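Right, one structure below, let's go through it.
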Ligand code: SF4
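Numbering (the UniProt record's numbering), first residue to last: 229 to 922.
This is the structure in structure tokens:
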């Protein structure tokens, strides 16, 4: 723990790690952080914190920080340090040259859920107004894009329905494909408090997460399903609810489209969707499926919390809709203690999606083909805008290899480590004529870059993050940017060099523009955040102080819509050559690709990624605890150290992806969700063999 004497002043800001969005008081001595103290008034954390937000901020001043812009003509050349003016001029001239040579759609941008709302908004504005296309995407593509799609289809809004505090009114908590005590620790602790008070717990997860039988809590049901069978499971639970008369018919008649309910209920009631018919597919005994469904439907206020174990599948969007179906059918939506709650991975996944960093949507989830919306933005931005949706990240990569996508501006995102099938990603990056990376560190993607624009950390910038409960919280600058500029200023400089000036003087002016153009943000401003601390959107004329619980009297889309959830097995099948399934996740002390946490003392708690193997599978292969093992998939191979444990079921292995040398994404394939292209990180067929020595 780094502490540097007595603080002289303090500033309230928001953690830059996970989607809980904890509020902290940065205690400062001059430009030096003395310590980060969780804020008792924090709307999401009420004075609590975890080991990441509390201790893992040292990366901001780490010696690996790059603070001077760099360019190079070829990725084989050494980097040359240059002035900001030279770097921006070079980047802009390359983008113009490439568009002139390969066409308007040959360039695009990827923004990150680590960025503030204001930064993300500016990147999509840059693409739409200055690039003249819609080729903008965000790393939400690879995590929660199915949430956006599935909740919009069923409930009408691409966001979670509750406030975190709502869980204190839950009688039954169902956790599907999430690991709150590691992934969302402060909320995980709140969940444990409610469980200790007597709430019942159902967990659907292929692996025994801590909540299954951790200290002081024990799941009532652990549905240890096979990876890739989520949709079969949710449909079997729905079958029980419908066929055993557990539907809240009054709620459905009043609040939902009755036709869609009838169609859906007939579908799930079919005998082939019963627990007995599906138990062998799912890998969970029928009696456990029936008991869990009865508990969820009849146990009082029932809330569902889910994570990437739901979304990162070829049927991720279908599963999100299945969860919404179940909540609507049982009347578990629209009040405290219930709801459909996606646990967003990164600090600003919700915000990145809200801000229109998708190739088909303007800020506020409005389609680019909608003439009224386009006219609104054209008038505000003074440029004609493209009505055709742009390229998603996987399309950009494919077209880089096989088409005319030739330049990428990538802000705060390390696609060469975080995206699936690393070989494909690096081949695509190598095929581009210009890659511009804006980041704190020379990350894996920067290995393929021609321009490096040094970014700054959350401690050096102003803006806002939006957490998993739609809570917009202020990010306040506590130290001078080491690179000289906040990230939004760098985007604005690039835009100006492209002939489209963005004359903002402060991030607050960007938020004001967002508020003017986005109905759910009409009432949001820095001034309001100063007064209230944080605000949950929608915040507008109708809800001037925000909206903790959504869909209270009616759904955002009017009536809730049930959607059919036909289970389609993933094409990623096990066979003799690849007999095991690899699934991936996170650990408490580390964060995603580890770019930040690996540069803090937290790394000592998790110095390497390991692969968990069930004792039976280990014994079959002569593998002992701590052995190095080779893992081979259809995409590639890597080597990891084995950890033998019954946390995983036979036939399934599990690893984290926090260290680049682990190569977890070298072996994941580019299968993806049918609706959103979210990669199927959670199901990769593999073989594991012992390797004698590294
Ligand atoms: Fe930061 Fe999440 Fe930990 Fe809160 S729970 S301190 S937001 S990492």
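Glycine is no exception: its CB is placed at the ideal position from the N, C-alpha and C atoms.
Computed from a predicted structure; not experimentally measured.
Confirm the yes/no value for this check: CB of residue i, any heavy atom of the ligand SF4, distance under 7 Å.
i	result
residue 412	yes
residue 576	no
residue 281	yes
residue 249	yes
residue 245	yes
residue 176	Any property of residue 176 remains undetermined from this structure, which presents the chain solely from 229 to 922.
residue 273	yes
Take the Cβ of residue i as the centre, count every other Cβ of all protein chains shown within 10 Å, and call the residue buried at 16 or more, exposed below.
i	result
residue 269	exposed
residue 832	exposed
residue 259	exposed
residue 376	buried
residue 576	buried
residue 469	buried
residue 295	exposed
residue 486	exposed
residue 450	buried
residue 938	Not covered by the structure: residue 938. The range shown for the chain is 229 to 922.
residue 253	buried
residue 421	exposed
residue 378	buried
residue 854	exposed
residue 467	buried
residue 702	buried
residue 370	buried
residue 796	exposed
For the alpha helix (DSSP H) that contains residue i, what are its first and last residues?
i	result
residue 682	That residue, residue 682, is in no alpha helix (DSSP H); its beta strand (DSSP E) goes 679-682.
residue 760	754-760
residue 183	Lying before the first or after the last residue shown, residue 183 is absent from the chain, which here runs from 229 to 922.
residue 724	715-725
residue 450	Looking at the DSSP string, residue 450 is not in any alpha helix (DSSP H); the run it does join, the beta strand (DSSP E), is 449-451.
residue 666	Segment 662-667 is the beta strand (DSSP E) holding residue 666; no alpha helix (DSSP H) there.
residue 569	Looking at the DSSP string, residue 569 is not in any alpha helix (DSSP H); the run it does join, the beta strand (DSSP E), is 567-570.
residue 736	735-745
residue 486	486-496
residue 481	477-483
Less than 8 Å between C-beta atoms, sequence neighbours within five positions excluded: which residues of the same chain meet that for residue i?
i	result
residue 257	232, 233, 234, 235 and 236
residue 756	763 and 767
residue 878	842, 844 and 845
residue 519	449
residue 910	405, 455, 456, 536, 537, 540, 541, 811 and 812
Give every residue of the same chain whose Cβ lies closer than 6 Å to the Cβ of residue i, excluding the five residues on either side of it in the sequence, and list them in chain order.
i	result
residue 359	335
residue 790	488, 489, 492 and 553
residue 736	754
residue 229	Because the pLDDT at residue 229 is just 44, under 50, the model does not fix this residue reliably, and the point stays unresolved.
With respect to the beta strand (DSSP E) encompassing residue i, which residues constitute its N-terminal and C-terminal limits?
i	result
residue 287	First-last for residue 287: undefined, no H or E at that position.
residue 915	912-918
residue 869	865-872
residue 693	691-694
residue 401	400-404
residue 365	364-366
For the candidate residues the options, whose alpha-carbon lies nearest to that of residue i?
i	options	result
residue 613	598, 315, 861 and 426	598
residue 761	768, 752 and 769	752
residue 741	709, 349 and 365	349
residue 826	286, 240, 278 and 770	286
residue 681	660, 694, 705 and 715	715
residue 772	605, 747 and 784	747
residue 283	898, 824 and 895	824
residue 919	909, 867, 875 and 884	867
residue 913	858, 370, 805 and 835	805
residue 665	298, 245 and 279	298
residue 780	279, 384, 370 and 326	384
residue 694	510, 344, 419 and 623	344
residue 278	494, 402, 506 and 266	266
residue 663	291, 616, 302 and 239	302
Kindly list the residues whose CB is nearer than 7 Å to the CB of residue i, restricted to its own chain and excluding five residues on each side of it in sequence; keep chain order.
i	result
residue 619	336, 363, 587, 627 and 633
residue 417	276
residue 546	459 and 793
residue 525	469, 474 and 558
residue 434	452, 453, 454, 455, 811, 877 and 880
residue 245	280, 281, 575 and 819
Is residue i close to the ligand NAP? I mean its beta-carbon at under 7 Å from any heavy atom of the ligand.
i	result
residue 859	The ligand NAP is absent from the structure shown, which contains only the ligand SF4.
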